[in-house]
Amino acid sequence: MGLDVTGQYRYPPPDPAWLRRVREGVIEPDLPIIDAHHHLWEQHEEPYLLDAFGEDLDDGHKIVATVCVEAHYGYRKDGPARLAPVGETEKVMAMRGRARQDRHASLVAEGIVAKADLCLGEAVDEVLDAQRAVAGAALVGIRHSVSRDENFPEGIVLRPGPAGLLGDAAYRKGLARLAQRGLVYDAMLYHQQLPELAAMARALPDLQIVLDHVGAIIGVGPYRGREEEVRKAWAKDMHELAQCPNVSVKIGGFGMIIGGAQWHLDPAPPGSETLAAAWRPYVETCIELFGSHRCMFESNFPVDKAMYSYRTLWNAFKRLAQQYSPAEKADLFLGSARRIYGLGDVTTPVCANA
Numbered sequence: 000m001g002l003d004v005t006g007q008y009r010y011p012p013p014d015p016a017w018l019r020r021v022r023e024g025v026i027e028p029d030l031p032i033i034d035a036h037h038h039l040w041e042q043h044e045e046p047y048l049l050d051a052f053g054e055d056l057d058d059g060h061k062i063v064a065t066v067c068v069e070a071h072y073g074y075r076k077d078g079p080a081r082l083a084p085v086g087e088t089e090k091v092m093a094m095r096g097r098a099r100q101d102r103h104a105s106l107v108a109e110g111i112v113a114k115a116d117l118c119l120g121e122a123v124d125e126v127l128d129a130q131r132a133v134a135g136a137a138l139v140g141i142r143h144s145v146s147r148d149e150n151f152p153e154g155i156v157l158r159p160g161p162a163g164l165l166g167d168a169a170y171r172k173g174l175a176r177l178a179q180r181g182l183v184y185d186a187m188l189y190h191q192q193l194p195e196l197a198a199m200a201r202a203l204p205d206l207q208i209v210l211d212h213v214g215a216i217i218g219v220g221p222y223r224g225r226e227e228e229v230r231k232a233w234a235k236d237m238h239e240l241a242q243c244p245n246v247s248v249k250i251g252g253f254g255m256i257i258g259g260a261q262w263h264l265d266p267a268p269p270g271s272e273t274l275a276a277a278w279r280p281y282v283e284t285c286i287e288l289f290g291s292h293r294c295m296f297e298s299n300f301p302v303d304k305a306m307y308s309y310r311t312l313w314n315a316f317k318r319l320a321q322q323y324s325p326a327e328k329a330d331l332f333l334g335s336a337r338r339i340y341g342l343g344d345v346t347t348p349v350c351a352n353a
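Going by numbering that gives the first Met the number 0, the first residue of the sequence shown is number 0, and it counts up by one from there.
Encoded structure:
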């Protein structure tokens with residue numbers, strides 16, 4: 000993931016005692032969910048590995064499977080640098096296996112979105128082969144962040160990608176290799192880069208693209224205090240992106256510090272009603288533009304855990320989904336992620352209802 004450990008926008012660590020100050024009942028505890036985006040990592044001496052994630056999974060919602068996304072964790076220290084990210088997949092697969100052996104949480108990391116340097120172009124095949132050798136069918140996608148905003152030349156938490164990477168010839172050759180293998184491209188970028196993503200999506204119509212965190216809308220620095228202006232510009236660019244049938248959206252990531260979230264500074268965490276009200280304009284816009292069949296909910300834990308608990312997060316999404324039909328809700332919570340990532344019939348519950 001390439002985290003900036005010293006910048007002013009570093010992720011605040013979760014405070015378990017603070018999170019316990021709000022404890023809601025579980026809404027719709029029998030609704031099956033695929034958590035379409037979470038990480039397993041050790042960052043800033045704050046490990047979030049299987050045991051920590053398992054505690055969240057066991058907090059009452061019926062999470063039947065998860066998609067674990069690369070986070071620059073556990074890279075190989077020996078061998079070619081291009082193969083270093085395979086070390087992360089090895090560690091995630093070990094936790095995946097342990098989950099299936101030691102607990103009824105049997106479908107943790109059912110899908111894995113790994114890292115590969117797409118700037119290698121066609122030579123990325125070597126990395127993809129190595130990732131597949133480790134993960135097998137669990138390898139469902141690749142993420143190579145292109146996040147960049149000229150207002151933050153040193154990056155915002157994430158190290159900035161080179162300018163114009165989505166249009167780079169070598170990078171696009173790498174993307175084309177994903178399409179040929181049936182792998183999803185997880186797009187990690189900032190909201191100002193949405194037009195670049197739309198141009199790439201049109202150029203590679205056979206590539207299945209999933210936009211992370213509704214486009215990671217920046218709400219800090221020069222963007223703070225301009226929320227409505229930024230939201231309207233984002234909605235306009237999302238309308239253009241939605242014209243590309245090969246693009247889907249992960250709805251979540253609203254607790255990222257780069258988005259301007261500051262709930263961690265309050266005396267107590269926000270409740271799900273507060274979160275639903277804050278997120279509604281973005282959630283409704285995504286579903287209106289892309290349709291439920293191209294939208295999926297994500298936790299983005301542990302990144303978002305500094306702002307609210309896992310239980311409260313999914314309660315907020317369930318409140319937001321109340322206006323949609325049963326078929327649309329099924330898409331948002333399970334169906335879209337299962338189909339787009341090719342997860343098969345995930346019906347075994349990961350957690351027991353609390």
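From the three backbone atoms N, C-alpha and C, an ideal C-beta is built for every residue, glycine too.
Residue closest to residue 315, alpha-carbon to alpha-carbon, out of 225, 88, 294 and 269: Reading the sequence shown from its first residue, position 316 is the one you call residue 315. Residue 315 has its Cα closest to that of 269, out of 225, 88, 294 and 269.
8 Å contact criterion, which residue 189 and residue 215 should meet: CB distance rounded: Taking the sequence shown and counting its residues from 1, the one referred to as residue 189 is at position 190. Taking the sequence shown and counting its residues from 1, the one referred to as residue 215 is at position 216. Yes, residue 189 and residue 215 are in contact; Cβ-Cβ is about 5 Å, under 8 Å.
Through-space distance from residue 173 to residue 261, alpha-carbon basis: Looking up residue 261 in the sequence shown gives position 262. Looking up residue 173 in the sequence shown gives position 174. Answer to the nearest angstrom: the Cα atoms are 37 Å apart.
Given residue 176 as reference, the closest of 151, 195, 118 and 146 once Cα atoms are compared: Residue numbering aside, residue 176 sits at position 177 when the sequence shown is read from its first letter. Closest option to residue 176, Cα to Cα, is 118.
Contact set for residue 140: own chain, Cβ-Cβ below 6 Å, skip 5 residues either direction: Start at 1 with the first residue of the sequence shown, and residue 140 comes out as number 141. Same-chain partners within the cutoff: 112, 182, 183 and 185.
Outcome for residue 4 when other beta-carbon atoms lying within 10 angstroms are tallied against a minimum of 16: For the purposes of this step, residue 4 is identified with residue 5 of the sequence shown, where counting begins at 1. The predicted model places residue 4 with a pLDDT of 38, which falls under 50 and marks its position as unreliable, so this point remains unresolved.
Reference residue 179, options 228, 144 and 123, closest by Cα: Your numbering for residue 179 matches position 180 in the sequence shown. Comparing Cα positions, the closest option is 123.
Contact check, residue 305 vs residue 254, beta carbons under 8 Å: Here residue 305 is taken as the residue at index 306 of the sequence shown, counted from 1. Here residue 254 is taken as the residue at index 255 of the sequence shown, counted from 1. Yes, the pair counts as a contact, with Cβ atoms nearer than the cut-off.
Meets three-Cβ-pair contact criterion under 8 Å: the stretch 237-249 and the stretch 126-143: no
Residue 37 vs residue 247 beta-carbon contact at 8 Å: As a first step, residue 37 must be located in the sequence shown, where it is residue number 38. As a first step, residue 247 must be located in the sequence shown, where it is residue number 248. Cβ distance not < 8 Å, so residue 37 and residue 247 don't count as in contact.
Closest by C-alpha distance to residue 15, when choosing among 329, 267 and 293: Indexing the sequence shown from 1 puts residue 15 at position 16. Taking only the C-alpha atoms, the option nearest residue 15 is 267.
Beta-carbon proximity list for residue 83, same chain, < 6 Å, skipping 5 on both sides: Start at 1 with the first residue of the sequence shown, and residue 83 comes out as number 84. Result list for residue 83: 74 and 75, in chain order.
Rounded separation between residue 198 and residue 170 - CA only: Position 199 of the sequence shown holds residue 198. Position 171 of the sequence shown holds residue 170. Roughly 14 Å separates the two Cα atoms.
Nonlocal neighbours in the same chain, by C-beta distance under 6 Å from residue 31, ignoring five residues either side: Translated into positions along the sequence shown, residue 31 becomes position 32. Once the five neighbours on either side are set aside, the close Cβ partners of residue 31 are 61, 63 and 333.
Residue 17 versus residue 281: straight-line alpha-carbon distance, rounded: As a working note, residue 17 is residue 18 in the sequence shown. As a working note, residue 281 is residue 282 in the sequence shown. Between residue 17 and residue 281, the C-alpha separation is close to 27 Å.
Residue closest to residue 324, alpha-carbon to alpha-carbon, out of 338, 221, 286 and 313: Taking the first residue of the sequence shown as position 1, residue 324 is located at position 325. Of 338, 221, 286 and 313, the residue nearest in Cα terms is 286.
CB-CB length for residue 222 against residue 229, believed under 8 Å: By one-based count along the sequence shown, residue 222 stands at place 223. By one-based count along the sequence shown, residue 229 stands at place 230. About 6 Å; that satisfies the 8 Å criterion.
Reduced DSSP category for residue 45 - H, G, I as helix; E, B as strand; rest coil: For the purposes of this step, residue 45 is taken as the residue at position 46 of the sequence shown. Three-state result, residue 45: strand.
Residue burial classification, residue 80 (beta-carbon count within 10 angstroms, cutoff 16): Counting from 1 along the sequence shown, the entry for residue 80 is found at position 81. The residue is exposed, with fewer than 16 neighbouring Cβ atoms inside 10 Å.
Nearest-angstrom Cα separation, counted from residue 263 out to residue 308: What you label residue 308 is simply residue 309 of the sequence shown in a count that begins at 1. What you label residue 263 is simply residue 264 of the sequence shown in a count that begins at 1. Going from the Cα of residue 308 to the Cα of residue 263 covers about 11 Å.
Nearest-angstrom Cβ-Cβ length linking residue 23 and residue 271, presumed shorter than 8 Å: Taking the sequence shown and counting its residues from 1, the one referred to as residue 23 is at position 24. Taking the sequence shown and counting its residues from 1, the one referred to as residue 271 is at position 272. With 8 Å as the limit, residue 23 and residue 271 qualify as a contact, their Cβ atoms being about 6 Å apart.
Residue range of the alpha helix (DSSP H) that includes residue 35: By 1-based counting over the sequence shown, the position of residue 35 is 36. Taken as a continuous stretch (DSSP letters only), residue 35 belongs to no alpha helix (DSSP H), being part of the beta strand (DSSP E) at 31-37.
Euclidean distance between Cα positions of residue 72 and residue 54: Taking the sequence shown and counting its residues from 1, one reaches residue 72 at position 73. Taking the sequence shown and counting its residues from 1, one reaches residue 54 at position 55. Computed Cα separation, rounded: 20 Å.
Nearest candidate by alpha-carbon position, reference residue 202, set 157, 219 and 245: As a position in the sequence shown, residue 202 is number 203, starting the count at 1. Comparing Cα-Cα distances from residue 202 to each of 157, 219 and 245, the minimum goes to 245.
Neighbourhood of residue 258 by C-beta distance below 6 Å, restricted to the same chain and skipping five residues each side: Walking along the sequence shown from the start, residue 258 turns up at place 259. Closer than 6 Å at Cβ, skipping near neighbours: 216 and 218.
CA nearest to the CA of residue 249, picked from 47, 233, 28 and 210: Translated into the one-based positions of the sequence shown, residue 249 becomes position 250. Per the Cα distances, 210.
Uninterrupted beta strand (DSSP E) stretches inside the stretch 136-201 (no shorter than 3 residues): 138-142 and 183-186
Within-8 Å CB hit, residue 42 to chain C: No chain C appears in this structure, which consists of one protein chain only.
Where residue 111 sits in the DSSP three-state scheme: The residue labelled residue 111 in the question sits at position 112 within the sequence shown. Three-state DSSP puts residue 111 in a strand.
Residue from 51, 319, 310 and 300 whose Cα sits closest to the Cα of residue 279: Residue numbering aside, residue 279 sits at position 280 when the sequence shown is read from its first letter. Ranking the options by Cα distance to residue 279, first place goes to 319.
Reference residue 96; option with closest CA among 295, 154, 133 and 27: Taking the first residue of the sequence shown as 1, we reach residue 96 at position 97. Nearest of 295, 154, 133 and 27 to residue 96, Cα basis: 133.
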